[in-house]
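What follows is one structure encoded as structure tokens, with my remarks underneath.
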Amino acid sequence: MLAAIVPLSPGVLLAAAVTASAASLWLLLPRGQSGRRERTARWLGAGLGVAALAAFIITGRRLGGLGEESVFLIVSLVAVVSAAATVVSRSPVYAAIWFALSLAGVAGVLLVLGAQFLGVATIVVYAGAILVMFLFVLMLAQPSGLAPYDRVSNEPLLAAVAGAVLLGLLSLSIGRLSAGDTAVAADVAPAVAVDALQADHVARLGGELFSRHLIAIEAAGVLLLIALIGSIAIVARGEESRVQERRAA
Amino acid sequence: MSSLPLLQNALLVGAILFSLGLVGILARRNLIVMFLAAEMMLQGISVSLVAWSRYHGDWGGQILVIFVLTVAACEAAIALVFVLGAFSRTGRLDAAAWQSLREATLGRVIDRELPASDTLPQKFPTLTPAGVLPETDEDELLQREHV
Chain A
0 MLAAIVPLSP GVLLAAAVTA SAASLWLLLP RGQSGRRERT ARWLGAGLGV AALAAFIITG
60 RRLGGLGEES VFLIVSLVAV VSAAATVVSR SPVYAAIWFA LSLAGVAGVL LVLGAQFLGV
120 ATIVVYAGAI LVMFLFVLML AQPSGLAPYD RVSNEPLLAA VAGAVLLGLL SLSIGRLSAG
180 DTAVAADVAP AVAVDALQAD HVARLGGELF SRHLIAIEAA GVLLLIALIG SIAIVARGEE
240 SRVQERRAA
Chain P
0 MSSLPLLQNA LLVGAILFSL GLVGILARRN LIVMFLAAEM MLQGISVSLV AWSRYHGDWG
60 GQILVIFVLT VAACEAAIAL VFVLGAFSRT GRLDAAAWQS LREATLGRVI DRELPASDTL
120 PQKFPTLTPA GVLPETDEDE LLQREHV
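Quick mapping for you: the protein sequence lines, in order, are chains A and P. Sequential numbering of the first sequence, starting at 0, is according to numbering that gives the first Met the number 0. Sequential numbering of the second sequence, starting at 0, is according to numbering that gives the first Met the number 0.
Shown next, in the form of structure tokens:
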């Protein structure tokens, strides 16, 4: 039915989606224009972005029923749209807040995929800790108003084209996935599959983590400790050298 | 949704997040926004890993995402220390402030004059006045002034 509505071959549609997303990102990225032209470009870019998103959704439907499960569609749209807003927003504080919304969307996607613990951990670790740290630094370091380096981009056209081409290639290869290629693991899979509705999901994940991956867990713990000590050491040495510079001056 | 379409859609979402993060890290010049973009690429990878994990009915992908979270936390801590150090040296969160580290043969980013941004004064929402204005007692006002 959809093929009748959009009488395009999948390849043409994908090419159109890639072109539209590259143009939309280029229009949306800050390029140091004056207010009015910038607003026009942003509206145009947002429109093109919606078109690109619709094209990708239709490609997804051709891949296999994106939108059959409306929860997945909604959370993935939230994740993708606010990710785009993170990349293109002028104010870094707004970028951080959009990133938090994008994390909420990603957590929703993870929940739909049946990774309850990871969904919650994403919210707690990213939105709760890492993002607040980013916001602290922003509040410490942000000059009042928009800095000039927030109003321009490095090579916006090349960056947008590179991202869109990468996206096109990735979705092309995702579309080529078929059950035959990936069914190898069917016999390797454990007897009880990962199921979202399993009551003891977290307990089983923890059991797996602390039995098969015990050494890796220890290594991760050491890594966290080293990062903690290292960041404190770097800050302390920086302060020391600054004090010495001041004394020498 | 059966398993293969779910896998493909989740991989598509992961790919979109990864590409957007790539665009952000290539194009933006604010160090903090560049790090946000890098974290977004990690999110895309996480979504893809969990999708494969679900498809194969295996815990491997989810375990790997836990380690991705760990590494992301470490990376954020150390990166923010470096960003703060860079900020205290240059007074800017600008990646181009460090272009003197480039090789001499590479071109420099030269900032041209930016047109003035006509930022309008922010409009805050105001509540519409509701109800009847209470009658003020003039004597009370007078008394208050004497207190």
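For glycine and all other residues, C-beta sits at the position ideal for the given N, C-alpha and C.
Interface flag, residue i vs chain A, CB-CB below 7 Å
i	result
P:Q98	no
P:F66	yes
P:F123	no
P:G84	yes
P:L227	Outside the displayed range of chain P (0 to 146) lies residue 227 of chain P, so it cannot be described from this structure.
P:S18	yes
P:R101	no
Proximity to residue i [Cα-Cα], best of the options
i	options	result
P:S2	A:L223, A:I216, A:I129 and A:L112	A:L112
A:F116	A:V201, A:I228 and A:V242	A:V201
P:Y54	P:G13, P:P4 and P:M40	P:P4
A:H212	P:R27, P:E134 and P:Q61	P:Q61
A:T18	A:I231, A:I233, A:A163 and A:A198	A:A163
A:V77	A:T58, A:L26 and A:G107	A:G107
A:A103	A:V92, A:V79 and A:V87	A:V79
A:A94	P:N8, P:A78, P:L6 and P:E38	P:E38
P:F66	P:I44, P:A78, P:A85 and P:D57	P:I44
A:A54	A:P9, A:A128 and A:L157	A:P9
A:A198	A:A114, A:I173, A:A232 and A:L134	A:A114
A:T121	A:L139, A:A99, A:M138 and A:M132	A:A99
P:G59	A:A215, A:S230 and A:L227	A:A215
A:A51	A:A219, A:G206 and A:L166	A:L166
Cutoff 7 Å: residue i Cβ touching any chain P Cβ
i	result
A:A190	Reliability fails at A:A190, whose pLDDT of 41 lies under 50, so the model's placement of it is uncertain and no value is given.
A:L47	no
A:Y148	yes
A:M138	no
A:G205	no
A:D186	Its pLDDT being 47, under 50, A:D186 is placed unreliably in this model, and the value from its coordinates should be taken loosely. No, A:D186 lies away from the interface with chain P (no Cβ there is under 7 Å from its Cβ).
A:P9	no
A:M0	Bear in mind that a pLDDT of 43 at A:M0, under 50, signals an unreliable position, so the model cannot answer this.
A:I233	yes
A:A219	yes
Residue range of the alpha helix (DSSP H) that includes residue i
i	result
P:F123	Note, P:F123: premise wrong, no alpha helix (DSSP H); not H, not E.
A:V124	Note, A:V124: premise wrong, no alpha helix (DSSP H); not H, not E.
A:G162	P155 to R175
A:L130	L130 to A140
A:S23	P9 to L27
A:Y93	P91 to V111
A:R203	H200 to S210
A:V86	S69 to V87
A:T243	At residue 243 of chain A the sequence reads Gln, which differs from the Thr that was named. Start and end: L213 to A247.
Bridge partner(s) assigned by DSSP for residue i
i	result
P:D93	P:N29
Exercise for review: Anything in the stretch 69–87 of chain A with a Cβ closer than 7 Å to a Cβ of chain P? List those residues in chain order, please.
Suggested key: F71, S75, A78, V79, A82, A83, T85 and V86
Exercise for review: Scan the stretch 22–42 of chain P for residues whose Cβ lies nearer than 8 Å to a Cβ of chain A and list them as they occur along the chain.
Suggested key: Taken in chain order, the members of the stretch 22–42 of chain P whose beta-carbon sits within less than 8 Å of a beta-carbon on chain A are V22, G23, L25, A26, R27, R28, N29, I31, V32, F34, L35, A36, E38, M39 and Q42.
Practice item. Give the residues from the stretch 89–108 of chain A that approach chain P closer than 8 Å (Cβ to any Cβ), ordered along the chain. Key: P91, A94, A95, F98, S101, L102, V105 and V108
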